[in-house]
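K.L.:
First residue of the sequence shown? That's 1 in my numbering, and the numbers climb one at a time after it. Please see the structure below; I have some questions.
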Amino acid sequence: MRMHRLYVAEPLSSPSELTLDGDTAHYLIKVLRVSVGQSLQLFNGDGVNYFAQVLELQKKSLLVNITDCECPNNEPSLAVSVAFSLFKAERVEWLLQKGTELGATEFVPIISQYTDGKNAQQLEKKQARWQQIIISACEQSGRAVVPVLQQSESFRDFLQTDSSDAKLLLHPYQSKKLSEFPLPLQRVTLLAGPEGGFSEAEVDEAKASGFRCLSLGPRILRAETAPLSALSIVMDQWS
Ligand code: SAM
1 MRMHRLYVAE PLSSPSELTL DGDTAHYLIK VLRVSVGQSL QLFNGDGVNY FAQVLELQKK
61 SLLVNITDCE CPNNEPSLAV SVAFSLFKAE RVEWLLQKGT ELGATEFVPI ISQYTDGKNA
121 QQLEKKQARW QQIIISACEQ SGRAVVPVLQ QSESFRDFLQ TDSSDAKLLL HPYQSKKLSE
181 FPLPLQRVTL LAGPEGGFSE AEVDEAKASG FRCLSLGPRI LRAETAPLSA LSIVMDQWS
């Protein structure tokens with residue numbers, strides 16, 4: 001039987017016994033229909049996988065016995081922050097899911113000059129759903145560290161606070177490729193524009209804040225395709 005892998009927002013340790021209730025218990029009991037003795041893999045974002053067995057089942061809770069743990073060692077050696085100027089909600093979901101699978105460590109939604117106003121308003125309502133999409137992608141991909149989803153911020157605030165040692169603005173009309181940049185030490189930021197792109201003034205401002213323009217080739221990629229494409233190249237060449 002396939003071992004279910006599940007995020008739990010609780011402190012975990014091995015060996016220990018733990019009672020699970022609330023939504024987690026509902027999902028395990030009613031949706032996955034686990035039985036006594038069944039093996040589970042739990043993680044809480046601390047970088048460790050915990051192996052457990054179901055000891056007791058109640059109507060709305062279950063007792064599990066954590067017997068072992070391991071570090072999966074599948075996190076990138078380089079922290080990669082994906083900053084994206086907000087676009088349509090369903091495409092943001094795609095970006096968060098695929099970006100988590102590909103190893104992003106942080107997502108930063110940005111409001112820039114050509115961000116659609118409606119898209120900017122969606123964030124507050126969507127934050128919990130987007131966080132759940134990231135967690136589900138961790139469950140599926142075997143990650144034991146959950147990427148951070150930041151609150152949205154303005155383009156200018158973002159430029160002032162970003163502290164990466166490689167700052168790359170994805171720009172379709174530039175020619176520099178990733179191999180032309182020096183290898184960063186710890187952290188890279190990928191900054192992608194909305195469907196309407198960045199204004200010239202924003203590109204200049206980003207350059208003045210240390211960003212350099214990265215090309216992903218001669219074709220114009222959709223707003224969600226560009227950061228995912230850049231992320232895979234960074235993971236392949238730098239991490
Ligand atoms: N007409 C827009 C413009 O003038 O920039 C195109 C925007 S594109 C649909 C959305 C974002 O994806 C861009 O702002 C850029 O960050 C990124 N992007 C798309 N194609 C790219 C490419 N070939 N190289 C680098 N970045 C790209």
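By construction, the Cβ of each residue, glycine as well, lies at the ideal position given by its N, Cα and C atoms.
Mind reading off the beta-carbon distance from Thr105 to Pro147? Whole number of angstroms is fine, and I expect it under 8 Å.
P.N.:
Confirmed, about 5 Å.
K.L.:
Does the ligand FAD have a heavy atom nearer than 8 Å to the CB of Glu56?
P.N.:
The model on display carries the ligand SAM but not the ligand FAD.
K.L.:
At which residues does the beta strand (DSSP E) containing Ile111 begin and terminate?
P.N.:
It spans 106-111 - the beta strand (DSSP E) in which Ile111 sits, taken as one unbroken run.
K.L.:
Which of the three DSSP states is assigned to Ala223 in this structure?
P.N.:
Coil, per DSSP.
K.L.:
Over the uninterrupted beta strand (DSSP E) stretch that includes Gln58, give me the two end residues.
P.N.:
Where Gln58 is concerned, there is no enclosing beta strand (DSSP E), given that its DSSP letter is neither H nor E.
K.L.:
Starting from the N-terminal side, write out each stretch of the alpha helix (DSSP H) that is 4 residues or longer and does not extend beyond the region 145-207.
P.N.:
Segments of the alpha helix (DSSP H) lying fully in the region 145-207: 155-161.
K.L.:
Alpha carbon to alpha carbon, how far is Val64 from Gln38? Give it in angstroms, no decimals.
P.N.:
Looking at the two C-alpha atoms, the distance is approximately 10 Å.
K.L.:
If Leu42 and Ala52 are in contact, beta carbons under 8 Å, what's the gap, nearest whole angstrom?
P.N.:
Between Ala52 and Leu42 the Cβ distance is about 6 Å, and since that is below 8 Å, they are a contact.
K.L.:
Just to confirm, does Ser209 get its C-beta within under 8 Å of one of the non-hydrogen atoms of the ligand SAM?
P.N.:
No; taking the cut-off as 8 Å, the Cβ of Ser209 has no heavy atom of the ligand SAM nearer than that.
K.L.:
Three or more C-beta pairs under 8 Å: does that hold for the region 95-103 against the region 163-180?
P.N.:
Contact between the region 95-103 and the region 163-180 is absent, because fewer than three Cβ pairs lie under 8 Å.
K.L.:
Please classify Ser152 as buried or exposed, where buried requires at least 16 other C-beta atoms within 10 Å of its C-beta.
P.N.:
Buried, since its Cβ has 16 or more Cβ neighbours within 10 Å.
K.L.:
Which residues in the same chain have their Cβ closer than 6 Å to the Cβ of Phe211, if we skip the five residues on either side of it in sequence?
P.N.:
Around Phe211: Lys167, Leu169.
K.L.:
Any heavy atom of the ligand SAM closer than 8 Å to the CB of Ile133?
P.N.:
Every heavy atom of the ligand SAM is 8 Å or more from the Cβ of Ile133, so no.
K.L.:
Quick check on Thr100: does DSSP put it in helix, strand or coil?
P.N.:
DSSP places Thr100 in helix when its eight states are reduced to three.
K.L.:
Name, in chain order, the residues that DSSP records as bridge partners for Tyr7.
P.N.:
In DSSP, Tyr7 forms a bridge with Phe43.
K.L.:
Quick one: what's got a C-beta closer than 8 Å to Tyr27's C-beta in the same chain, skipping five residues either side?
P.N.:
If we look at Tyr27 and ignore the five residues flanking it on each side, its Cβ neighbours are Leu6.
K.L.:
Just confirm the distance between the C-beta atoms of Val80 and Val203, as a whole number of angstroms; I'd bet it's less than 8 Å.
P.N.:
Contact doesn't hold; Cβ gap of about 21 Å is too wide.
K.L.:
Helix, strand or coil for Tyr114 per DSSP?
P.N.:
It is coil, neither helix nor strand.
K.L.:
Rounded to the nearest angstrom, how far is the Cβ of Trp130 from that of Val82, given a contact under 8 Å?
P.N.:
Contact flag wrong, Cβ pair sits at about 13 Å.
K.L.:
When the Cα atoms are used, what is the spatial distance from Ser209 to Arg222?
P.N.:
If you take the alpha carbons of Ser209 and Arg222, they lie about 25 Å apart.
K.L.:
By Cβ distance, which residues of its chain are closer than 6 Å to Phe237, with the 5 residues on each side in sequence left out?
P.N.:
In the sequence as presented, Phe is not what sits at residue 237; that position holds Gln. Closer than 6 Å at the Cβ level, and outside the excluded window around Gln237, lie Leu178.
K.L.:
Taking just the CA atoms, how far does Leu183 sit from Leu32?
P.N.:
Whole-angstrom Cα-Cα distance: 44 Å.
K.L.:
Ile134: buried (16+ other C-beta within 10 angstroms of its C-beta) or exposed?
P.N.:
Looking at its Cβ environment, which holds 16 or more other Cβ atoms inside 10 Å, Ile134 is buried.
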